[in-house]
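*Asks:*
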Amino acid sequence: MKLNTLKPADGARQEPRRVGRGIGSGLGKTCGRGHKGSFARSGKGKIKAGFEGGQIPMQRRLPKIGFRSKMANDCAEVLLYKLDMLPAGEIDFAALRAAKLVPSTAKRAKVVAKGEVTKAYVLKGIAATAGAKAAIEAAGGKLAE
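Under my numbering, the final residue of the sequence shown carries the number 154; numbering is consecutive throughout.
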């Protein structure tokens, strides 16, 4: 094998289509684009996704409903009884993440009253509902700001 004998495999390279070279080529005059319309124009061959030919598109015909808060995924809920899996003492957001009680996408956490807590916890930088706060304080813990 020599450098001057190298060539691409058969069928790997296609000759470009030569359009506008007379009737005999089969691609003369309109060059295979038909007559008029957006696909016959230069640079106008693409249509946007959802375009319905000028008819009012579906996303504009349907009513606007609902609201999705960007903050919804930021805050993770931690159930009160799951706190008992952690050792008693000071708990912050990093401890909750290390124990896999909050997902990695969460930026903050809130303790929700479900179940009971038996150990004394000091929550630092973690919010709690009124019921959860009462249960934590009843067990001898507190919420530190």
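Beta carbons: idealized from backbone N, C-alpha and C, even for Gly.
1. Quick check: the segment 52-72 against the segment 92-104, are there 3 or more CB pairs under 8 Å?
2. Tell me whether the beta-carbon of residue 134 lies closer than 8 Å to the beta-carbon of residue 93.
3. Sort 83, 90 and 138 by Cα distance to residue 128 and report the nearest one.
4. Between the C-alpha atoms of residue 151 and residue 118, what's the straight-line distance to the nearest angstrom?
5. Between the beta-carbon of residue 122 and the beta-carbon of residue 153, is there less than 8 Å?
6. Looking only at its chain, what residues have a beta carbon closer than 8 Å to the beta carbon of residue 113, apart from the 5 residues adjacent to it on each side?
7. Using a threshold of 8 Å, state whether the C-beta atoms of residue 88 and residue 124 are closer than that.
8. In this structure, does DSSP put residue 79 in helix, strand or coil?
9. Could you check which residue in 51, 110, 58 and 115 has the C-alpha nearest to that of residue 79?
10. In this structure, how does DSSP classify residue 91 when only helix, strand and coil are distinguished?
11. Quick one: using the 10 Å Cβ neighbour count with 16 as the cut-off for buried, is residue 12 buried or exposed?
12. Check whether the Cβ atoms of residue 85 and residue 111 lie closer than 8 Å to each other.
13. Residue ranges of each alpha helix (DSSP H) run of no fewer than 4 residues wholly in the segment 111-152, ordered along the chain?
14. For the alpha helix (DSSP H) holding residue 67, just list the boundary residues, first then last.
*Replies:* Answer, in terms of the structure:
1. no
2. For the purposes of this step, residue 134 is taken as the residue at position 125 of the sequence shown. For the purposes of this step, residue 93 is taken as the residue at position 84 of the sequence shown. No, the Cβ-Cβ distance between residue 134 and residue 93 is not below 8 Å.
3. In the sequence shown, the residue the question calls residue 128 occupies position 119. Among 83, 90 and 138, the Cα nearest to that of residue 128 is on 90.
4. On the sequence shown, residue 151 is found 142 positions in, with the first residue counted as 1. On the sequence shown, residue 118 is found 109 positions in, with the first residue counted as 1. If you take the alpha carbons of residue 151 and residue 118, they lie about 16 Å apart.
5. Residue 122 sits at position 113 when you count from the first residue of the sequence shown. Residue 153 sits at position 144 when you count from the first residue of the sequence shown. No, the Cβ-Cβ distance between residue 122 and residue 153 is not below 8 Å.
6. As a working note, residue 113 is residue 104 in the sequence shown. Here the set comprises 106.
7. Reading the sequence shown from its first residue, position 79 is the one you call residue 88. Reading the sequence shown from its first residue, position 115 is the one you call residue 124. Their beta carbons are under 8 Å apart, which means residue 88 touches residue 124 by this criterion.
8. Sequence index remark: in the sequence shown, residue 79 carries index 70 (1-based). Coil.
9. The residue given as residue 79 occupies position 70 in the sequence shown. The candidate whose alpha carbon is nearest that of residue 79 is 115.
10. Taking the sequence shown and counting its residues from 1, one reaches residue 91 at position 82. Correct three-state label for residue 91: helix.
11. Here the question's residue 12 lines up with position 3 in the sequence shown. Residue 12 is exposed by the Cβ-count criterion.
12. Start at 1 with the first residue of the sequence shown, and residue 85 comes out as number 76. Start at 1 with the first residue of the sequence shown, and residue 111 comes out as number 102. Against a cut-off of 8 Å, the Cβ pair of residue 111 and residue 85 comes out as a contact.
13. 139-147
14. In the sequence shown, counting from the first residue as 1, residue 67 sits at position 58. Note, residue 67: alpha helix (DSSP H), 67-70.
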